[in-house]
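Chains as they are written, first to last, in full-length UniProt numbering: chain A, 1 to 385; chain B, 1 to 385.
Every residue gets a Cβ at the ideal spot worked out from N, C-alpha and C, and that includes glycine.
For clarity, every value in this text was computed on a predicted model and none was experimentally measured.
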DNA sequence: TCTATAGGGTCAAAGGTCTG
DNA sequence: ACAGACCTTTGACCCTATAG
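Listed below in structure tokens is the structure:
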């Protein structure tokens, strides 16, 4: 710090010898980067710009020339090394960068893209949350049309139709989660019908869904037919302990064995409680996270759809996953977010398993014999031939 | 200075014998430091990076591996010398009084002190990569014992037994991926047997597995019985295009319809090509990422294991997932890492679907009738009753 | 005692990382 | 995207213990 040498390039205090000559940190790094990236600069003037501490960044061409002139040695550069990871200790008060990134992204967004708009995670998650809210309103209403699967999938979308929603989607007085009583077969039946109806409307709100062939639409909805209702039922159930799922009309089930139901369905009950309800409660999944997770679960490329549709679905769900992660980091901080995110996304395998098992012939047959299916349900589960 | 020996690690001129072999100053110091600080490195590629004078710093994992391979002897490191007895500035004691004090201070510190803690993801991922490498060596060997599932799961683990591995796990000359020919039923059968054998040994290397009940062990392995072999087959297949999977003995399958096989198996072939091979190739999944993904796939709490085991498995796979994420961020940068990570982890749903479908009665029956199962395979797929 | 060898330590100068 | 402060790693060079 006393009689230090000066940088031969810019006359700043040198930080030692670099590439053969005394030089400062800035000129050292500038030289390395320039040689490594083989950058070529152009001088705006006469190739004799002054280079000193105050204006060393003004002309990169002349700065690099000066580096060479005072004897910096290119051959002193080495081959790339193994990356060494983070070098700075973690800082605590850093919620701002997320914010900045998100506002940057939204200001960069191009207005003409419409199919998969690149918005900030806030916009994406917000869109999903709004969709989820509407879907739940419809679920809590008493509206339940009788229609075929084809009618359901090809008719006008209802969820984003404010006139329809205003008129028919007000909450039924029966759906206030009070008057608890144990669930019966008829109640199961009623809520399956409602949840399947809402599922078809939910599906139609995805732009990506509108562009699919009819075959792909039915396959995707069919694949989601068990798990999406389960997610609705579990997430919206008020907390009566880890063993109880309550439906909006106050009917509930718990671990009580129901001997009149097939073994497969009793087993599924335990799966739902252990593998969905419990993790949701433990992780304190919030509404935005649930909305995104449900969309990721719905957009499952494992359904028997065309390869193009698989690819499109996958892109969409990866995008949502990215935004969900950004949101969680902003909300929980890095460490906690990685844990919660990993845990939540890995629940996808459980969802996948349930979706798959619901197709097992034995299970379906049980189900079919014990619940009087409507023709809609038969189409949904078995296909229309 | 001319007839000097060369460093066995990097071919630079050796500065004498160090730790048992002729080696250069750099490799000598690198080896000492790595052992002393117990550093664990992770290879960014496939653990076979070249190591020579010009690029010896490019991959620290492979450099250290090479050190060990050419015979550097860890036991030649001496116990920590008495730092106080070491008088370093006998010649020029006046040069840097400030420095001297500070370095004395630092030399009084315990050598175990973690000034730069090695990032934990390196240890975790490295462990998984080493495990994967051994498993693949066993897979490429010709060792294939006849034993029951119980014997397989309860016998002594082989993968981390260096004596066994040295003796029996050398690569079979038949398993060199050349001599391509279309696969037959017998070949399928052979590779299923091999992959199932390796799977049982792979499973036993997980500490978490050792602590499970026998029932949980079989369920977990059973749940992995289809997907883990698929991952092995796909990842290790040399690239002959997106339609071809090559086994180590040169047998291959592609999209050719095989009419002698049941429809379910032909369908599965397409699934493997479209949903596993293609994404792996597109994402350029590297060895570390594959090792971690395979472990996450194996540790699937959806298997029919006890609730305690489910919870333990889930914790473990969430931990691996976190470390995988950290690794990918370090390797790819934030933006790219989030995309690749999301895409890779979401492939878990596909794995789950395959695992589940493999249990479908119809599918299994097809499979069973067309491939002569050994009793081991029957146990694995159907259980032992 | 002397000398060659092979341990360990040092620090200038490489390269990598991250924030503004 | 670039600049440069700040971080880690490398290895030529040094000191020291020990065997012959």
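*What are the boundary residues of the beta strand (DSSP E) that includes residue 251 (chain A)?*
251–253
*asked:* One question on the structure: do residue 305 (chain B) and residue 343 (chain A) come within less than 7 Å of each other, judged by their Cβ atoms?
replied: no
*Length of the line joining the Cα atoms of residue 159 (chain B) and residue 179 (chain A)*: 59 Å
*Just list the alpha helix (DSSP H) runs in the stretch 118–162 of chain A, keeping only unbroken ones of 4 residues or longer that don't cross its boundaries, in chain order.*
121–140 and 149–154
_Closer than 8 Å is the cut-off here; do at least three beta carbon pairs connect the stretch 129–145 of chain A with the stretch 153–171 of chain A?_
yes
*As assigned by DSSP and simplified to three states, the class of residue 285 (chain B)*: coil
*According to DSSP, is residue 18 (chain B) helix, strand or coil?*
strand
*Which residues of chain B have a Cβ atom closer than 9 Å to the Cβ of residue 66 (chain A), listed in chain order?*
Chain B residues near residue 66 (chain A): none, gap ~29 Å exceeds 9 Å.
*Can you give the beta carbon distance from residue 273 (chain A) to residue 255 (chain A), rounded, assuming they're within the 8 Å contact cut?*
7 Å
*So, is the C-beta of residue 292 (chain A) closer than 7 Å to a C-beta in chain B?*
Not a single CB atom of chain B sits nearer than 7 Å to the CB of residue 292 (chain A).
*Helix, strand or coil for residue 245 (chain B), going by three-state DSSP, please let me know.*
strand
*Using a Cβ-Cβ cut-off of 7 Å, state whether residue 49 (chain B) counts as contacting chain A.*
no
*Can you tell me the Cβ-Cβ gap for residue 49 (chain A) and residue 57 (chain A), rounded? I've got them flagged as a contact below 8 Å.*
That belief does not hold up - the Cβ atoms of residue 49 (chain A) and residue 57 (chain A) are roughly 11 Å apart, past 8 Å.
*asked:* Could you check whether the Cβ of residue 135 (chain A) sits closer than 7 Å to any Cβ belonging to chain B?
replied: Taking Cβ atoms only, chain B never reaches closer than 7 Å to residue 135 (chain A), which makes this a no.
*For residue 353 (chain B) and chain A, any beta-carbon pair shorter than 7 Å?*
yes
*asked:* If you measure between the beta carbons of residue 245 (chain B) and residue 235 (chain B), is that distance less than 7 Å?
replied: For residue 245 (chain B) and residue 235 (chain B), no; Cβs fall outside 7 Å.
*For residue 43 (chain A), decide whether its Cβ has a neighbour in chain B, counting only Cβ atoms nearer than 7 Å.*
no
_I believe residue 350 (chain A) touches residue 302 (chain B) by the beta-carbon criterion, under 8 Å. Please report the beta-carbon distance rounded to the nearest angstrom._
5 Å
*By the 10 Å Cβ neighbour count, where 16 or more other Cβ atoms means buried, how is residue 348 (chain A) classified, buried or exposed?*
buried
*asked:* Do residue 249 (chain A) and residue 174 (chain A) have their beta-carbon atoms positioned less than 7 Å apart in this structure?
replied: yes
*Compare the C-beta of residue 76 (chain A) with all C-beta atoms of chain B and state if any pair is closer than 7 Å.*
no
*Are at least three pairs of beta-carbons, each pair with one atom in the stretch 281–298 of chain A and one in the stretch 122–139 of chain A, less than 8 Å apart?*
Look at the beta carbons and you see the stretch 281–298 of chain A touching the stretch 122–139 of chain A: at least three pairs across the two are nearer than 8 Å.
*Return no unless some Cβ of chain B is closer than 7 Å to the Cβ of residue 270 (chain A).*
no
*Check each residue of the stretch 295–314 of chain A: if its Cβ is closer than 8 Å to any Cβ of chain B, include it; give the result in chain order.*
Within the stretch 295–314 of chain A, those residues whose Cβ lies closer than 8 Å to any Cβ of chain B are, in chain order, 296, 300, 301, 302, 307, 310 and 314.
*Any residues in the stretch 246–276 of chain A with a beta carbon nearer than 8 Å to a beta carbon of chain B? Which ones, in chain order?*
Only 274 and 275 from the stretch 246–276 of chain A bring a Cβ to less than 8 Å from some Cβ of chain B.
_N- and C-terminal bounds of the alpha helix (DSSP H) containing residue 386 (chain B)_ = Because chain B here runs from 1 to 385, residue 386 (chain B) falls outside it and cannot be looked at.
_Min CB distance residue 338 (chain B) to chain A below 7 Å_ = yes
*Is it buried or exposed for residue 17 (chain A), if we count other Cβ within 10 angstroms and need 16 for buried?*
exposed
*Based on the DSSP output, what are the partners of residue 449 (chain B) in its beta bridges?*
Look at the range of chain B in this structure, 1 to 385, and you will see that residue 449 (chain B) is not part of it.
*asked:* Would residue 82 (chain A) and residue 67 (chain B) qualify as a contact pair, given that the criterion is a beta-carbon distance under 7 Å?
replied: In this structure, residue 67 (chain B) does not lie closer than 7 Å to residue 82 (chain A) by Cβ.
*asked:* I'd like to know whether the C-beta atoms of residue 355 (chain B) and residue 298 (chain B) end up nearer to each other than 7 Å.
replied: no
*Residue nearest to residue 237 (chain A) in terms of C-alpha spacing, selected from A:136, A:74 and A:147*: The option with the nearest alpha carbon to residue 237 (chain A) is A:136.
*asked:* Pop quiz: residue 201 (chain B) and residue 157 (chain B) are said to be a contact at Cβ under 8 Å. What is the actual Cβ separation, rounded to whole angstroms?
replied: 7 Å
*Quick one: what does DSSP say residue 64 (chain A) is sitting in, helix, strand or coil?*
If DSSP states are grouped into helix, strand and coil, residue 64 (chain A) belongs with the helices.
*With a cut-off of 7 Å, does the C-beta of residue 131 (chain B) fall near any C-beta of chain A?*
no
*asked:* Whole angstroms are fine: how far does the CA of residue 296 (chain B) sit from the CA of residue 346 (chain A)?
replied: Taking the straight line from one Cα to the other gives about 9 Å.
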